[in-house]
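Report on one structure; see the data block that follows.
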Amino acid sequence: NFEHASHVAMSTKKLLARITRPNKTLDSASATTSDNRAFSLSSDPVVHFALVFSALIHDADHPGVTNNTLTAENNETALLYGNKSVAEQNSIAIGWSHFMSSQYKELRQCMFANDKQLQRFRQLVINCVIATDIFDKELKTSREQRWDQVFNNNQSTSSTEASTSSSSNNGSATDRMDEESFDDLRSTVILEHLIQAADVSHTMQHWAVYQKWNRKLFQEMRDAYKQGRNSFAGDPAVTWFQGECWFFDTYVLPLARKMQRCGAFGASYDEALEYAQANRTQWERSGKEIVETWLSEDEESVY
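For the sequence shown, our numbering assigns the number 39 to the initial residue and increments by one for each residue that follows.
The structure is reproduced here in structure tokens:
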């Protein structure tokens with residue numbers, strides 16, 4: 039868990055560093071408020087720390103099985119959290135408990151002048167960790183709706199235009215939104231997708247990095263299957279090749295394209311998309327043989 043957490047934290051920090059600053063040489067009208075606000079995500083130290091902290095704790099005490107498995111097993115933790123984002127809520131509780139311990143009292147006093155600032159940090163952490171639950175259908179739908187509201191609508195960049203648009207479009211939710219509220223929503227969407235991208239960053243990095251983490255996850259899922267858990271998903275030895283193809287097509291590549299399209303990362307995210315596409319192509323070409331090799335090596339290690 040900690041090795042994965044460290045990798046995600048490093049990827050998060052790298053993505054934060056890649057958020058682009060508006061070009062100051064341009065005419066002031068060219069650097070929009072939204073552009074400046076996007077850059078402020080990485081320049082705000084509380085947001086920065088919340089993201090890296092979330093990356094470190096997002097899989098704390100992870101049981102090695104999916105939320106669906108925990109729910110099917112009537113696991114105590116699943117019952118505690120109402121079968122919603124079970125592993126993620128558990129990780130938040132553990133991470134927050136450590137952060138609020140007396141050991142970090144001086145850190146909290148240094149970071150937060152009052153309880154309002156502490157609660158803002160807590161909410162950022164909750165939002166970021168919950169965003170890593172990518173298989174909850176309701177959460178997925180909500181995130182897609184937020185994305186569409188920000189990037190698939192011609193939202194006005196000024197409150198005056200938004201007000202005018204609201205009148206002409208019967209006051210829809212997007213049109214009623216003033217500039218500041220819209221930029222807050224845009225920031226939320228970017229943060230959600232940034233932590234999601236960091237969580238699966240191995241799929242958007244060099245082939246060797248992708249294979250390292252791909253094998254680790256395969257082994258984790260297969261160990262659970264051998265223990266009689268995750269059985270409804272089938273034996274990874276049989277499903278893993280096609281499952282990875284599906285994951286690239288339905289999640290990784292769409293996510294990489296969204297990160298590229300949102301504009302907050304400039305041209306730097308082109309590289310991540312290219313790596314993801316190359317890994318998908320290489321996996322389709324050699325994935326079956328790779329899984330067979332893993333299985334052979336695992337069998338040899340038993341003897």
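Glycine included, every Cβ here is placed at the ideal spot set by N, Cα and C.
Subject >> Assigned exposure category for SER346 - 16 Cβ within 10 Å defines buried >> reply: Shown here, the chain extends from 39 to 341; a query on residue 346 therefore has no answer.
Original post:
At what residues does the alpha helix (DSSP H) containing GLN161 begin and finish?
Top reply: If you number the sequence shown from 1, residue 161 lands on position 123. Run containing GLN161: 153 to 168, per the alpha helix (DSSP H) assignment.
**OP:** Look at the alpha carbon of GLY304 and the alpha carbon of ALA236, and state the distance between them as a whole number of angstroms.
**Re:** Mapped onto the sequence shown, residue 304 falls at position 266. Mapped onto the sequence shown, residue 236 falls at position 198. About 17 Å.
**OP:** Quick one: using the 10 Å Cβ neighbour count with 16 as the cut-off for buried, is ILE132 buried or exposed?
**Re:** The residue given as residue 132 occupies position 94 in the sequence shown. Exposed, by the Cβ-count rule.
Original post:
In three-state DSSP terms, what is ILE132?
Top reply: By 1-based counting over the sequence shown, the position of residue 132 is 94. The answer is helix: DSSP assigns ILE132 an H, G or I state.
**OP:** Report the option in ASP186, ARG260, PRO292 whose CA atom is closest to the CA atom of GLY102.
**Re:** Taking the sequence shown and counting its residues from 1, one reaches residue 102 at position 64. Per the Cα distances, ARG260.
**OP:** With a 10 Å radius around its C-beta and 16 neighbouring C-beta atoms as the bar for buried, classify ASN105 as buried or exposed.
**Re:** The count along the sequence shown starts at 1 and reaches residue 105 at position 67. Buried is the call here.
**OP:** Name the two residues that bound the continuous alpha helix (DSSP H) containing GLU15.
**Re:** The structure shown has nothing for residue 15, since the chain only spans 39 to 341.
Subject >> Outcome for ASN112 when other beta-carbon atoms lying within 10 angstroms are tallied against a minimum of 16 >> reply: The residue labelled residue 112 in the question sits at position 74 within the sequence shown. ASN112 is exposed by the Cβ-count criterion.
Original post:
Grouping DSSP H, G and I as helix and E and B as strand, with all else coil, what is ASN121?
Top reply: Within the sequence shown, the letter at position 83 stands for residue 121. Three-state result, ASN121: coil.
**OP:** Kindly examine the ligand PLP and report whether one of its heavy atoms sits closer than 6 Å to the Cβ of ASP308.
**Re:** In the structure shown, the ligand PLP is absent, as is every other ligand, since no ligand is present at all.
Original post:
In angstroms, rounded to a whole number, what distance separates the CA positions of ALA200 and SER180?
Top reply: Here residue 200 refers to the residue found at position 162 when the sequence shown is read from its first residue. Here residue 180 refers to the residue found at position 142 when the sequence shown is read from its first residue. A caution first: ALA200 carries a pLDDT of 39, below 50, which makes its placement in the model unreliable, though a value can still be read off. Using only the alpha carbons, I get a separation of about 23 Å.
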